[in-house]
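Protein chains in written order, with the numbering used here: chain A, 9 to 419; chain B, 9 to 419. Note that CB positions come from ideal geometry on N, CA and C, so glycine has one too. Please read the structure below before turning to the comments.
There are 2 protein chains.
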Amino acid sequence: MAESSTLNATVTPIDGGITAAKGFTSAALHSGIKVKTGALDLTVIASEKPVATAGLFTLNLVQAAPVILSKEHLERSSGLSRAIVVNSGCANACTGTQGFADAKTMVGEVATSLGCPVEQVLVASTGVIGVNLNMSKVAPGIRAAVSQLARGKGSETARAIMTTDPFPKECAVRVETAAGSFIVGGTAKGSGMIEPNMATMIGLLTTDAQVSPTVLRRALEESARDTFNAITVDGECSTNDTLFAMASGASGVVIDEGNYQALLEGLLTVSRQLAVDIVRGGEGATKVIRITVENARSGDDARQVARTIANSPLVKTAVHGADPNWGRIVAAAGRSGVKFDPNQATVHVGGVRLFENGLPHDDKAPLAAEHMKGTDVDIHVDLGTGGGSKAVIWTCDLSAEYVRINGEYRT
Amino acid sequence: MAESSTLNATVTPIDGGITAAKGFTSAALHSGIKVKTGALDLTVIASEKPVATAGLFTLNLVQAAPVILSKEHLERSSGLSRAIVVNSGCANACTGTQGFADAKTMVGEVATSLGCPVEQVLVASTGVIGVNLNMSKVAPGIRAAVSQLARGKGSETARAIMTTDPFPKECAVRVETAAGSFIVGGTAKGSGMIEPNMATMIGLLTTDAQVSPTVLRRALEESARDTFNAITVDGECSTNDTLFAMASGASGVVIDEGNYQALLEGLLTVSRQLAVDIVRGGEGATKVIRITVENARSGDDARQVARTIANSPLVKTAVHGADPNWGRIVAAAGRSGVKFDPNQATVHVGGVRLFENGLPHDDKAPLAAEHMKGTDVDIHVDLGTGGGSKAVIWTCDLSAEYVRINGEYRT
């Protein structure tokens, strides 16, 4: 997480989401991709003019057509975009040349309606893999959405990007600095995969701070590392994961070296809430687990240990059963590939010391078990290497419901 | 798997297990580590004289006392051992200096009873982590076991190393070569973790072939790579994993370059059956999944892709539900870190082609679903890189029963 020592800014939560920042409008509607009548499945987010935009995408080798096209457009437009179009219900992944043509048609419809070059439009899709979009429904849907763009429709956008997420996710903050105040807001969707073959995470952020595409990208990367890239539901990186940030500049607050930290803190605050909400809404999740690893030799080491613990099915099932099973935590850290001396390490669960000097403190397990019966579980590992690096990863427990959701017979 | 093209030997299954090979005796009894009256929890395997012995151990940084001691003894004895003592019910892991002293007492009791140097005795433990052995029960148990050593008690040894494995695992083969015939036999225990905090895999192999410790170690490493190291139940590498092989030489068949392949094939055949049986008895498992990855640039690449698919909770739950969800297989391969072109890759399930040229063949999914309703599921991925490397990994499905077993409240 960001050091707030150099932060000369106040971050305050406010109402709203993706259109909380000045200069952005959105619209959402039911185009017919989702079968359920009236279910929102299409949204457009637009700015009044081309604005600084950054994108982060899945590292999966198998990338959906909208991911490939958006990367290309961000490059061609030098990070200046007018709009993002997102559909849910169909991931447009593993759809071949037809899928790529469909993604092009989607951005083309937005560009024509807005009267801007196609490369100023980005696209993201989420839903079933291996199925083509029904463009006879999507294309007119896009034209209708652009005609309805307005402020104050952020919560509709938050619902339109959901697949089987149990709840919509949006969040906004006001950042007050010496140079004035600006807003950061956003929305995200996660990992409700009740309908199999879904492709997952989409995050959309806006701000009315004034910032160059290069600095916006740097801030987005830095904030995503400790938020969207610090969560895991089941260790599966999808074909469609996409995170966009747009900066309108409408607040008049210019981001320079002096208040870069203020922008970063705004992005971090919004992203952290959205990311943890994705975990809370994870498939079959009943608990959010916060895993902190301290005193590692490097940040990468700390993240690797935290991630190995977070993806351990034995740890996740133990948390599900409120079992303070420190042995599984120690064993997961031990197989993470990071060098440390187990005899110097300590493990706390809910602030209760369970392992130290290579030996258990099982007498305190009932106290830790009490903590684990809640919905937010805290696991803390001190690697005792003498290095000062730290990482935090959020995950959820592994429940029988996860198996049910993902094992349901599809064909 | 081994190329059989250069193999001038016939491998035939025979009855028996760890004492099928000439020159080995064993005994097993209830010492009192396990609470259940009469449950076998201690076994000693002995040879008549010091014989070539090789060991492979967990790569987990957190290693149980018996693992550390056995590694030390193999080095000090230059790979010449008389006996192995194994207990179940207690892993003697995370037990500090007392645990190391207890492991030393265990080998000391065997050495005194047999009249051999301590470094000629190896030890393995499996069971609960973080609990000390009750040496007032274990020590007399060991003395009694040594006094009862005999041929034909292999199946008792197979039962004595079980924790909550659903069935004992043993296997033996006769290898006939131009130089005569020899026997390879063994036993193993796996991953029944109904009692939480277990530390898992133990494999014990014997042969009456005559081979040096160095060549035995090479053959053990080579055979384990494609058998014991090619299985995964839940991606968790334990603190106690141990594989031992002893070679008595009692058959008189000398292993040289000419019949190294015969020894290897014997070890492979026995190890493969034991390893796949561990998967079949995996926690909550209802199906064994065989994942073959072909046409990779290297064996490491092939193994990495196969392992990523094998550990994917989405693939494992899909198999549990008999859902031929090729999208999850493709996405797992894509995030494995291995470079390949998805448009050149193909995916077959049960011999049915589901993905090719970047596009699905969902019309054939019902055929694949039929195959997946059985207990043995075949997943085949051709990476299409032009490289000729291949790997096979076995895993099991992920069921709600796995969550129940590992989520049961311990304290």
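Out of the options, point me to the one whose CA is closest to residue i's CA.
i: Gly197 (chain B); options: B:Gly87, B:Phe252, B:Asn267, B:Leu406; result: A small fix is needed here, since residue 197 (chain B) is Lys in this sequence, not Gly. When each option's Cα is compared against that of Lys197 (chain B), the closest is B:Phe252.
i: Leu212 (chain A); options: A:Ile239, A:Ala132, A:Leu272; result: A:Ala132
i: Phe32 (chain B); options: B:Ala166, B:Gln352, B:Ala340, B:Ala258; result: B:Ala258
i: Val278 (chain A); options: A:Gly359, A:Arg182, A:Ala109, A:Thr222; result: A:Arg182
i: Lys145 (chain B); options: B:Glu364, B:Gly382, B:Gly40, B:Lys372; result: B:Gly40
i: Val323 (chain B); options: A:Ala166, A:Val296, A:Cys245, A:Glu302; result: A:Cys245
i: Thr172 (chain B); options: B:Ile286, B:Ile263, B:Ala109, B:Glu273; result: B:Ile286
i: Lys381 (chain B); options: B:Ile297, B:Asn142, B:Pro321; result: B:Ile297
i: Gly394 (chain B); options: B:Thr325, B:Ala408, B:Ala310; result: B:Ala310
i: Pro374 (chain B); options: B:Arg412, B:Pro332, B:Thr354; result: B:Pro332
i: Gly138 (chain A); options: B:Asp390, B:His369, B:Asp405, B:Val400; result: B:His369
i: Ser256 (chain A); options: A:Val192, A:Thr208, A:Tyr268, A:Val126; result: A:Val192
With 16 other CB atoms within 10 Å as the buried threshold, where does residue i fall?
i: Pro174 (chain B); result: exposed
i: Met206 (chain B); result: With a pLDDT of only 48 at Met206 (chain B), under the threshold of 50, the placement of this residue in the model should not be trusted, and no figure is reported.
i: Pro204 (chain A); result: Low per-residue confidence applies at Pro204 (chain A): pLDDT is 39, beneath 50, and the placement is therefore not dependable enough to give any value.
i: Val43 (chain A); result: exposed
i: Ala35 (chain B); result: buried
i: Glu265 (chain A); result: exposed
i: Ile22 (chain A); result: exposed
i: Met201 (chain B); result: Its pLDDT being 42, under 50, Met201 (chain B) is placed unreliably in this model, and the coordinates cannot settle the point.
i: Pro176 (chain B); result: buried
i: Pro350 (chain A); result: buried
i: Lys57 (chain A); result: exposed
i: Glu80 (chain B); result: exposed
i: Leu272 (chain A); result: buried
i: Asp390 (chain A); result: buried
i: Gly46 (chain A); result: exposed
i: Ala158 (chain A); result: exposed
i: Arg151 (chain A); result: exposed
i: Glu164 (chain A); result: buried
i: Lys347 (chain B); result: exposed
If we call anything under 8 Å between Cβ atoms a contact, is residue i one with residue j?
i: Ile92 (chain A); j: Leu130 (chain A); result: yes
i: Val261 (chain A); j: Ala293 (chain A); result: no
i: Cys102 (chain B); j: Leu367 (chain A); result: yes
i: Thr247 (chain B); j: Val115 (chain B); result: no
i: Ser85 (chain B); j: Gln128 (chain B); result: yes
i: Val301 (chain A); j: Lys398 (chain A); result: yes
i: Leu82 (chain A); j: Asp110 (chain A); result: no
i: Arg358 (chain B); j: Val385 (chain B); result: According to the sequence as given, residue 358 (chain B) is Gly; it is not Arg. Cβ distance < 8 Å, so Gly358 (chain B) and Val385 (chain B) count as in contact.
i: Ile210 (chain B); j: Thr134 (chain B); result: yes
i: Ala408 (chain B); j: Val411 (chain A); result: yes
i: Gly243 (chain A); j: Asn365 (chain A); result: no
i: Ala60 (chain B); j: Thr185 (chain B); result: no
i: Ala73 (chain B); j: Phe108 (chain B); result: yes
i: Ala99 (chain B); j: Val126 (chain B); result: no
Considering only DSSP beta bridges, list what residue i is partnered with.
i: Leu37 (chain A); result: A:Leu50
i: Glu459 (chain B); result: This structure does not reach residue 459 (chain B), given that chain B is present from 9 up to 419, and the question cannot be answered.
i: Val197 (chain B); result: It should be noted that the sequence gives Lys, not Val, for residue 197 (chain B). Note: Lys197 (chain B) sits in a beta bridge opposite B:Ile210.
i: Ser189 (chain B); result: B:Glu184
i: Val301 (chain B); result: B:Val389, B:Ala399
i: Leu251 (chain B); result: B:Leu64, B:Gly211
i: Ser133 (chain B); result: B:Asn95
i: Val357 (chain B); result: B:Val360, B:Ile387
Return the first residue and the last residue of the beta strand (DSSP E) that residue i is part of.
i: Glu291 (chain B); result: Taken as a continuous stretch (DSSP letters only), Glu291 (chain B) belongs to no beta strand (DSSP E), as it is neither H nor E.
i: Ala399 (chain A); result: 397-404
i: Pro21 (chain B); result: 17-22
i: Ser144 (chain B); result: Element bounds for Ser144 (chain B): not the beta strand (DSSP E) but the alpha helix (DSSP H), 143-155.
i: Arg159 (chain B); result: No beta strand (DSSP E) contains Arg159 (chain B), which DSSP labels as neither H nor E.
i: Ile92 (chain B); result: 88-98
Between which two residues does the alpha helix (DSSP H) harbouring residue i extend?
i: Arg233 (chain A); result: 221-233
i: Arg182 (chain B); result: Arg182 (chain B) -> not in any alpha helix (DSSP H); beta strand (DSSP E) instead, spanning 177-185.
i: Phe108 (chain B); result: 104-122
i: Val346 (chain A); result: Unbroken run through Val346 (chain A): none, as it is neither H nor E.
i: Thr316 (chain B); result: 307-318
i: Leu69 (chain A); result: Per DSSP, Leu69 (chain A) belongs to no alpha helix (DSSP H) and is neither H nor E.
i: Ser78 (chain A); result: 73-84
i: Gly415 (chain A); result: 408-415
i: Met380 (chain A); result: 373-380
Taking 7 Å as the cut-off, is the C-beta of residue i nearer than that to any heavy atom in the ligand SAM?
i: Arg288 (chain A); result: As presented, the structure is devoid of all ligands, the ligand SAM included, so that no description of it is given.
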